[in-house]
Amino acid sequence: MCKLFLTSFCCCLFFFSNAQLTGCKVQYDGVYLSYDESTQQTEYLQFFYNGTVIQALSKENWVGVKKWFKLGNDNVTSSRYKAKGCHVNFTIKTPHTKIKYAGEIDGYQLRLTQSYQDGARVDTRFKFKPL
Numbered sequence: 074m075c076k077l078f079l080t081s082f083c084c085c086l087f088f089f090s091n092a093q094l095t096g097c098k099v100q101y102d103g104v105y106l107s108y109d110e111s112t113q114q115t116e117y118l119q120f121f122y123n124g125t126v127i128q129a130l131s132k133e134n135w136v137g138v139k140k141w142f143k144l145g146n147d148n149v150t151s152s153r154y155k156a157k158g159c160h161v162n163f164t165i166k167t168p169h170t171k172i173k174y175a176g177e178i179d180g181y182q183l184r185l186t187q188s189y190q191d192g193a194r195v196d197t198r199f200k201f202k203p204l
């Protein structure tokens, strides 16, 4: 009985400590990216400790994008994000549209739904790339 309890306790401890390490925390030391085959563009997101997120779309590969993907660059849109538990949300505004992002932090991935002004919704998975 004691062995069973100890084994169960150790398994639970490992699961919850591992979930805390990667599970519900936005990563700050890299970028999240999602490639869209239909447009042949990659969408990039980067989060900062101060609550800012930056976003850009590009057909360039990461080597080219990382030269200009910085806060304050004209090709980059910025917003404020909110993260609570495993949920994150923010709104990106451009001169042409406004897109609401909302979804879950899942380890080193984001599962976000993008909601457009015209009512269209797109589910997108972003993968984390360390810098």
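Per this note's numbering, the sequence shown runs over residues 74 to 204.
Here a beta-carbon is modelled for each residue, glycine too, at the ideal position from N, C-alpha and C.
- If you compare the alpha carbons of H160, L204, F201 with that of C97, the shortest gap goes to H160.
- With contacts defined by Cβ atoms closer than 7 angstroms, K200 and Q187 do not form a contacting pair.
- In summary, Q113 is exposed, with fewer than 16 beta-carbon neighbours lying within 10 Å of its beta-carbon over all protein chains present.
- A contact between stretches requires three or more CB pairs, one per stretch, nearer than 8 angstroms, and the region 137-146 fails this requirement with the region 157-172.
- DSSP, read as helix, strand or coil, puts G137 in helix.
- Counting only the Cα atoms, S152 lies some 6 angstroms from T164.
- If you ignore the 5 residues before and after L130, its C-beta comes within less than 6 angstroms of the C-beta of Q114, E116, all in its own chain and listed in chain order.
- Taking C-beta separations shorter than 6 angstroms and ignoring five residues to either side along the sequence, the partners of V195 in its chain run Q187, following chain order.
- Taking C-beta separations shorter than 8 angstroms and ignoring five residues to either side along the sequence, the partners of T150 in its chain run I127, Q128, A129, I165, K166, T167, following chain order.
- Taking the C-beta atoms as reference points, V138 is found no nearer than 7 angstroms to F120.
- Remark: C-beta atoms of G192 and L185 do not approach each other more closely than 7 angstroms.
- For the pair L118 and K202, the CB atoms are not nearer than the 7 angstroms cut-off.
- Residues N148 of the same chain have their beta carbon placed closer than 7 angstroms to that of W141, with the five preceding and five following residues left out of the count.
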